[in-house]
Each structure stands twice: as C-alpha cells, then as structure tokens.
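**Q** Taken in order, the sequence shown gives residues 1 to 440; the numbers are from the UniProt record's numbering. First, the structure itself, so that you have it in front of you.
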Amino acid sequence: MASSPLSVSGHEYVSDPIFSLSGSHTSVFTPPATVHDPVDSAPLPAVHALQTSTPCKRKAVSIPLSLELDRGHAGSAKRHHRSAKHVAPLIASELVQATHCSATFLEDFLLRDSWDLHVPEADFLLAAITRSLPPADRVRYHRDTGQYTCRPPAYTNAIYPEWFCRLANAIHNANNPTLAAVHSTWKCTKDTAPTGARNGELRPDFILSVDDDATRSSATPTWDSILVVGEHQSKGSQPFTQLARYAEQVFIAQPFRTAVLGIITACSGPQLRFWRFDRAGAIGSMEFDYQSTSPQLRTIVRCLYAIPLLPPEGAGFHVSSIITNHLPPENRFPLNDSRPWKMRMSPSTLYEGKALMNRLLFIAPGIVTRGTRVWRGTLGGTSVAIKYSWWSSTRPPEESLYQLAASHNVIGLATLVAYDTYEDIATNDVQILLGLMPVW
Numbered sequence: 001m002a003s004s005p006l007s008v009s010g011h012e013y014v015s016d017p018i019f020s021l022s023g024s025h026t027s028v029f030t031p032p033a034t035v036h037d038p039v040d041s042a043p044l045p046a047v048h049a050l051q052t053s054t055p056c057k058r059k060a061v062s063i064p065l066s067l068e069l070d071r072g073h074a075g076s077a078k079r080h081h082r083s084a085k086h087v088a089p090l091i092a093s094e095l096v097q098a099t100h101c102s103a104t105f106l107e108d109f110l111l112r113d114s115w116d117l118h119v120p121e122a123d124f125l126l127a128a129i130t131r132s133l134p135p136a137d138r139v140r141y142h143r144d145t146g147q148y149t150c151r152p153p154a155y156t157n158a159i160y161p162e163w164f165c166r167l168a169n170a171i172h173n174a175n176n177p178t179l180a181a182v183h184s185t186w187k188c189t190k191d192t193a194p195t196g197a198r199n200g201e202l203r204p205d206f207i208l209s210v211d212d213d214a215t216r217s218s219a220t221p222t223w224d225s226i227l228v229v230g231e232h233q234s235k236g237s238q239p240f241t242q243l244a245r246y247a248e249q250v251f252i253a254q255p256f257r258t259a260v261l262g263i264i265t266a267c268s269g270p271q272l273r274f275w276r277f278d279r280a281g282a283i284g285s286m287e288f289d290y291q292s293t294s295p296q297l298r299t300i301v302r303c304l305y306a307i308p309l310l311p312p313e314g315a316g317f318h319v320s321s322i323i324t325n326h327l328p329p330e331n332r333f334p335l336n337d338s339r340p341w342k343m344r345m346s347p348s349t350l351y352e353g354k355a356l357m358n359r360l361l362f363i364a365p366g367i368v369t370r371g372t373r374v375w376r377g378t379l380g381g382t383s384v385a386i387k388y389s390w391w392s393s394t395r396p397p398e399e400s401l402y403q404l405a406a407s408h409n410v411i412g413l414a415t416l417v418a419y420d421t422y423e424d425i426a427t428n429d430v431q432i433l434l435g436l437m438p439v440w
C-alpha cells in the first residue's frame, strides 16, 4: 500500500453463513469512509459529522453495484450504470481531506532499489531517445550548452497525449535489458474508452497497460490491464478529480489492487505531477518542469524509466497472501479475477495449506473506503467466504467484534474461521486482513 501519512490498516475475515447481499444490504458491506488525521497536523474538523454521513455511505445507497457482477448481461450493466455526474462529486468529497503532497514522493515510490537510474545513466538514456524520436518531437541535445531540452510541439489535448506516450515508450525501450521482464506499453486513450467498467464514459488521456496476447490483438484496452492512469489538463477541467475517477475504476476492475499511480500533465507548459491513490487518500509529488536538463528533465526520465519496471508491490498490488508463481514472467501482476486464485493460510491459524478463491462476489466502489472484496471459496473441501477489506486503526478490528458477539451467543452469527493482518499504510507495509467463513 502507499506509504501515506495516514493511519489505516487492511484486513480480511470470513463468516458463516454468507448473507444474502441484495441491493438493500449493500451498505452493510460498504461501511462509512474512515476519517484520518494527517501526521503533524491539527485534527480534522467535524469528524463526527463526516463519520455519520459519509460519501461512501451515500454512494452505497445511491449507486449500488451488482453483488454477482453479472458480466456480459446488457440489462444488468445498464441497470447498474454509474453516472459520471453522480460519481465525480462523491469521489471529490472522499478526497477533500485526504489529499497530501510529499517532497519525498519520488524516493518513497519510484526512485529506489534496482529500477532507479543514476544521473549518468539518465544522460545515456536521453542520448538514446534523442536518436530514436523524430525531430518533430523536439527532444534535442545542444552542443553549445551540453544540455538536453524537451519541448512538446503543442500542449493541446489533440496532440500532447500521443506525444507523451511516444516519449515514455522511447524511454522505456531505450537500452532496456529487461524488456522481457514485463510487457507494458504507454497508450493514448483520449478517444477510446477502456472496456470492462460500469461507466463507459471515462477515457483517460493516456495509460500504461500490460500487454498480453489478448490486449495486443485488440485496439481497445481494458481497465483490468491498466497499471498507470494519466490526465492531460484542459481548460476549465478538474484534472485531479478526473484522475481520481480513473483510479477508482482501476480499483474496481483489479480486486488485488492496493494503490494506483497517476500522472497529471499541464496544458500551459512542460510541467507534470505524479499522484498515488490508496485507501487513505491521495499523495502527490511536487510539480516538475521537464523542459531542460538543468531543472528536472533527468528526474522525469528516471521516473518514466522506473515505472514499468516496478515490482507488483511497488506498482500497487497485494501479493502477500496470494500465490502468483504461476504467472508468466511478462505479466507478474494479479490483474483480475479471471482465474481461481490460491491464498496462503497464515501459520497463526488452525488451518494449513491453501484456500481456493473460486468466484468474486462483491467489490465496493470508492477510494477512501474499506475497499471490501468478497469471494466464494473453498478450504479443505468446505465452502467459505473470503473477505478482504481495510480497517481504521482508530476502530476495533472486525475480528474482535465477531469474537465479542460469539461470546454472547448471538444467534445467526457467521463463524469466523481465520483472520489475518498483512499490510499497513502508515508503516509502508500494506496491511490487509484475511478471513474465512463456512457457507451454508
């Protein structure tokens, strides 16, 4: 998960029986958004009001998602269509007090470990992309000053996104000895809406997506193949809200996603800013000017080189409890629910071996939420429900509530079989809890 200055933990649990999660019960499985205090800042105002009437709760009531996620049924898709005019203000409300900028964003998330380039390597890369790009793309070396400059031919929405993708792909492909490691490509999608979402209106201006045999043969990308979303600012637009809406779609399409990286580019000059969304909110970098070598062009080259090489955890995927060694080397990311996933049982539980996650039943919308996902699975021949969700460190974990209810002999209570904690946003270790419950 993102190393956010907020205190949030994630967890999963299971109960018995699986309740009938009809539309009227959606709010039960989509709890109110949690409010957190930024580190080294004053407490947020009106916490009680926010907790009793949250964007997350209103979203659950007004924009239900199908429990069974009936893919391929036009009637169901139309019935559960999530209008942009309804979703955008809810997303903005979720993030209004959960957005931060960090002076160490690049060091925390991008420029670290083996995928970072040093300055001499960045200069070598600049020389390579200057030779590979056409002169019209205006990445040039000036012998008189010994510097490189990068000046896009135009900043209009019609020209810039395609130029950015050419630049980013040239950086990724230049002298890259690990091309076989991950097949990913920057693509301009301003005129093509990615498929696989309930809201077909959303079109990021550019994306980084994983390429496989299916996506290479199709001109239309899918939300479950996207690693990074990008928005080019246009006059009168709200690029941050737009970017957040794209991030939400990635969270919905990719059940093991814990964070989503985004990029906003300016329409008035060579500036861009990186963003990272997780369940605690959004963290942004400082704004970078990539016009020439002396300011921050080298830094942008290093970042765009590093992003496609990030490991699954760095790219924002939860892989702590699921088995991924069957994934091909060119696609190491658990992108969707297209295959039964196996989950490791924690040594702290009474069960050994692996639980099989057979079918995804429910995904909660939103960003600053608990991000609940529920699977129907099996454990040792027994049908179970597997739930992943985040929890606030300011509230008791659900495990304790189940145990308390069981100690008072509450009738109809789901039986908690196992419960685990994996990752913590506040400590840069993603914390997700694991729970299993037999199904009636």
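Note that CB positions come from ideal geometry on N, CA and C, so glycine has one too.
1) My guess is that threonine 192 and threonine 149 are in contact by the Cβ rule of under 8 Å, so how many angstroms apart are they, rounded?
2) Count the other CB atoms, across all protein chains shown, that sit within 10 Å of the CB of glutamate 399; report buried if there are 16 or more and exposed otherwise.
3) With which residues is phenylalanine 288 paired in a DSSP beta bridge?
4) Excluding the 5 residues flanking glutamine 291 on each side, which residues of the same chain have their C-beta closer than 8 Å to its C-beta?
5) If I follow the unbroken alpha helix (DSSP H) through asparagine 173, where does it start and stop?
6) I believe proline 153 touches arginine 138 by the beta-carbon criterion, under 8 Å. Please report the beta-carbon distance rounded to the nearest angstrom.
7) Near serine 338, which residues of its chain fall below 6 Å by C-beta distance, leaving aside the five closest residues on each side in sequence?
8) Where tyrosine 155 and glycine 230 are concerned, what is the direct C-alpha to C-alpha distance, given to the nearest angstrom?
9) Using the Cβ count rule (16 or more neighbours within 10 Å means buried), how would you classify leucine 272?
10) Could you check what DSSP says for residue 463 in three-state terms: helix, strand or coil?
11) Which ranges does the beta strand (DSSP E) cover as unbroken runs of at least 3 residues, wholly within the segment 327 to 408, from first to last along the chain?
12) Starting from leucine 106 and walking both ways along the alpha helix (DSSP H), at which residues does that stretch end?
13) For asparagine 336 versus alanine 405, is the C-beta distance shorter than 8 Å?
14) According to DSSP, is threonine 299 helix, strand or coil?
15) Could you check the C-alpha separation between arginine 376 and tyrosine 388 for me, to the nearest Å?
16) I need the straight-line Cα distance from leucine 310 to serine 114, nearest angstrom please.
17) When you compare each of Met357, Ala282, Leu360 to serine 93 by their alpha carbons, which one comes out closest?
18) Just how far apart, CA to CA, sit asparagine 358 and methionine 343?
19) Let me check understanding here. Comparing Cα to Cα, which of Pro134, Lys354, His408, Ile263 lies closest to proline 204?
20) Tell me whether the beta-carbon of isoleucine 91 lies closer than 8 Å to the beta-carbon of arginine 245.
21) Go ahead and pull the three-state DSSP assignment for glutamine 97.
22) Should glutamine 242 go down as buried or exposed, given a rule of 16 or more other Cβ atoms within 10 Å for buried?
23) Can you give me the C-alpha to C-alpha distance between alanine 74 and glycine 353, rounded to a whole angstrom?
24) Taking all protein chains shown into account, decide if isoleucine 323 is buried (16 or more other Cβ within 10 angstroms of its Cβ) or exposed.
25) Distance, Cα to Cα, tryptophan 391 vs proline 365?
26) Give the straight-line distance between the Cα atoms of glycine 412 and valine 210, rounded to the nearest whole angstrom.
27) Excluding sequence positions up to five away, which residues of its chain have a Cβ less than 7 Å from the Cβ of aspartate 116?
28) Between phenylalanine 317 and arginine 395, how many whole angstroms is the CB-CB distance? I'm expecting something under 8 Å.
29) When burial is assigned at 16 or more other CB atoms within 10 Å of the CB, is phenylalanine 333 buried or exposed?
30) Taking its Cβ as the centre, do 16 or more other Cβ atoms sit within 10 Å of asparagine 124, making it buried, or is it exposed?
**A** On the basis of the data shown:
1) Their Cβ separation, rounded to whole angstroms, is 31 Å, which puts threonine 192 and threonine 149 out of contact at 8 Å.
2) It is buried - the Cβ of glutamate 399 has at least 16 other Cβ atoms within 10 Å.
3) For phenylalanine 288, which the question treats as bridged, DSSP gives the partners Leu272.
4) Leaving aside the five residues that flank glutamine 291 on each side, the residues in its chain whose CB is nearer than 8 Å to its CB run, in chain order, Thr149, Cys150, Arg151, Gly269, Pro270, Leu297.
5) 160 to 173 is the extent of the alpha helix (DSSP H) around asparagine 173.
6) Rounded, the Cβ-Cβ distance is 6 Å, consistent with contact.
7) Excluding positions up to five away in sequence, the list is empty.
8) Their backbone Cα atoms lie some 15 Å apart in a straight line.
9) Looking at its Cβ environment, which holds 16 or more other Cβ atoms inside 10 Å, leucine 272 is buried.
10) Residue numbering for the chain in the displayed model covers 1 to 440; residue 463 lies beyond these limits and cannot be assessed.
11) The qualifying runs are 341 to 344, 354 to 363, 373 to 379, 382 to 392.
12) In the DSSP assignment, leucine 106 falls within the unbroken alpha helix (DSSP H) covering 105 to 109.
13) Not in contact: asparagine 336 and alanine 405 (Cβ atoms no closer than 8 Å).
14) Looking at threonine 299 - three-state DSSP - the assignment turns out to be helix.
15) C-alpha of arginine 376 to C-alpha of tyrosine 388: approximately 12 Å in a straight line.
16) Cα to Cα, the separation comes out at about 9 Å.
17) Of Met357, Ala282, Leu360, the residue nearest in Cα terms is Ala282.
18) A direct Cα-to-Cα measurement between asparagine 358 and methionine 343 gives close to 11 Å.
19) The shortest Cα separation from proline 204 among Pro134, Lys354, His408, Ile263 belongs to Ile263.
20) Yes, Cβ-Cβ distance for isoleucine 91 and arginine 245 is below 8 Å.
21) The three-state reading of DSSP puts glutamine 97 in coil, since its state is none of H, G, I, E or B.
22) That one is buried.
23) Its pLDDT being 38, under 50, alanine 74 is placed unreliably in this model, and the value from its coordinates should be taken loosely. Answer to the nearest angstrom: the Cα atoms are 39 Å apart.
24) A residue is called buried when at least 16 other Cβ atoms come within 10 angstroms of its Cβ; isoleucine 323 does not meet this threshold and is exposed.
25) One C-alpha to the other measures close to 16 Å.
26) Approximately 44 Å between the Cα atoms of the pair.
27) So the qualifying residues of the chain are Arg302, Ala306.
28) At roughly 26 Å, the Cβ-Cβ gap does not stay under 8 Å, so phenylalanine 317 and arginine 395 are not in contact.
29) Flag for phenylalanine 333 reads buried.
30) Going by the sequence as given, residue 124 is phenylalanine instead of asparagine. Exposed, because fewer than 16 other Cβ atoms sit within 10 Å of the Cβ of phenylalanine 124.
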